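Those letters in the first sequence? Residues 132 to 395, per the numbering used here, in order.
Built from N, CA and C at the ideal position, the CB exists for glycine as well.
This structure is a prediction, so every number in the text was calculated from the model and none was measured.
Taking it in order: structure first as structure tokens, then the write-up.
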Amino acid sequence: MSVTLRIASWNINSVRARLDLVARFLKEYAPDVLCLQEIKAANGDFPAAFFAEHGYTHMQLRGQRMHHGVAILSRVELTEADSHDWQGNDEARHVGATLPGGIRLENVYIPAGGDIPDARLNPKFGQKLDYYDRMTRWSEKLRRPTILLGDFNIAPLPCDVWNHKHMLKVVSHTPVEVEKMEQLRQSHGWVDLGRVAIPAPERQFTWWSYRAKDWRESDRGLRLDHIWLSPELAETHIDYQVLENVRGWDKPSDHAPIIASFSW
DNA sequence: ATGGCTGGTAGAACCAGA
């Protein structure tokens with residue numbers, strides 16, 4: 132049996148505040164599976180009827196009140212749903228499920244890590260590093276073909292940030308973070324699809340701050356959102372895009388969606 | 001330039017995002 136799927140990942144920064152945008156996105160890009168991060172809603176407040184009406188009848192939610200929260204919305208069946216708490220504090224940052232064909236899909240919202248890149252002065256930074264360590268322990272035991280995607284909150288390469296020298300001291304691009312991310316990548320031989328499709332040193336960003344007067348003009352972006360593949364899935368991808376124009380829609384998220392098609 | 005902006009929740013001289 133051959134399966135072709137179009138899978139998107141989008142840090143939506145409140146799903147309820149952006150239902151119009153989501154509707155437009157589903158209409159224009161028609162993903163089979165949509166992975167959201169920062170839904171900012173408890174499961175009971177999630178707009179499940181909206182997604183069902185749009186054909187996304189298979190849902191795996193890991194929401195919470197106020198902050199964080201992740202969800203997988205799908206037109207195809209999802210099985211074996213689970214959720215890891217790699218921070219050990221009950222924050223809703225991961226939901227996983229199995230796709231048709233037995234491929235695992237793991238949707239994650241890794242902690243941002245606060246402002247100061249020093250674990251002694253800023254516990255959130257330490258929690259972010261610990262989160263990567265715990266994901267690495269999980270990842271090194273993985274044996275199933277897996278798509279790991281979401282908001283990783285680290286931009287690893289110099290061409291993943293608007294100014295490498297400046298960003299070396301800013302949370303999301305510090306050397307200690309980049310090293311943690313690389314340890315996670317190596318623990319399973321993860322393939323960074325974004326850089327397979329758009330090789331370095333070409334500029335590639337998925338996030339632009341709300342604070343810029345003109346985000347496109349200043350272009351102070353970061354590549355924080357990623358799709359990683361088990362090595363055996365590297366040849367299954369058909370295409371990959373950062374949908375930068377969606378960042379320019381009315382009342383946007385500060386993250387652009389990323390989308391890729393696969394056939395297995 | 002450590003601000004700028006945005007959403008949730010409360011009803012802020014708030015918090016968090018990154």
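The residues Ser-361, Pro-362, in chain order, have a CB closer than 8 Å to that of Gly-320 in the same chain once the five nearest residues on each side in sequence are set aside. For Gln-314, there is no enclosing beta strand (DSSP E); the enclosing alpha helix (DSSP H) covers residues 306-317.
Your pair Asn-142 and Asp-323 does not check out as a contact, with CB atoms roughly 18 Å apart and the cut at 8 Å. When the Cα atoms are used, Leu-236 and Pro-162 turn out to be separated by approximately 14 Å. A check of alpha carbon separations from Trp-359 across Leu-353, Thr-367, Asp-151 identifies Thr-367 as the nearest. Contact check between the stretch 373-392 and the stretch 337-356: three or more CB pairs, one atom from each, fall below 8 Å, which counts as touching. Rounded to whole angstroms, the Cβ separation of Gly-232 and Met-132 is 7 Å, and the two are in contact under 8 Å. Between Ser-214 and Val-164 the beta-carbon gap is near 17 Å, outside 8 Å, which marks them as no contact. Tyr-240 is not a Cβ neighbour of Val-301, given a cutoff of 8 Å. Contact between Ile-278 and Ile-369 does not hold, since their C-beta atoms are separated by about 13 Å, which reaches or exceeds 8 Å. The Cβ atoms of Pro-287 and Met-312 sit closer than 8 Å to each other.
Between Lys-171 and His-198, the C-beta gap is smaller than 8 Å, which places the two residues in contact. Three or more Cβ pairs closer than 8 Å define a contact, and the stretch 172-191 meets that threshold against the stretch 208-222.
Residues Leu-152, Arg-155 of the same chain have their beta carbon placed closer than 8 Å to that of Trp-380, with the five preceding and five following residues left out of the count. Annotation: the stretch 250-298 contains the following complete segments of the alpha helix (DSSP H) (minimum length 4 residues), in chain order: 254-270, 295-298.
In the DSSP assignment, Arg-347 falls within the alpha helix (DSSP H) that extends over 346-349.
Distance from the CA of Arg-251 to the CA of Gly-257, rounded to the nearest whole angstrom, comes to 8 Å. In the structure shown, Phe-177 adopts coil according to DSSP, grouped into three states. Each of Gly-227, Glu-308, Gly-352 was checked against the Cα of Phe-336, and the nearest Cα belongs to Gly-352. Taken through DSSP and simplified to helix, strand or coil, Gly-352 comes out as strand.
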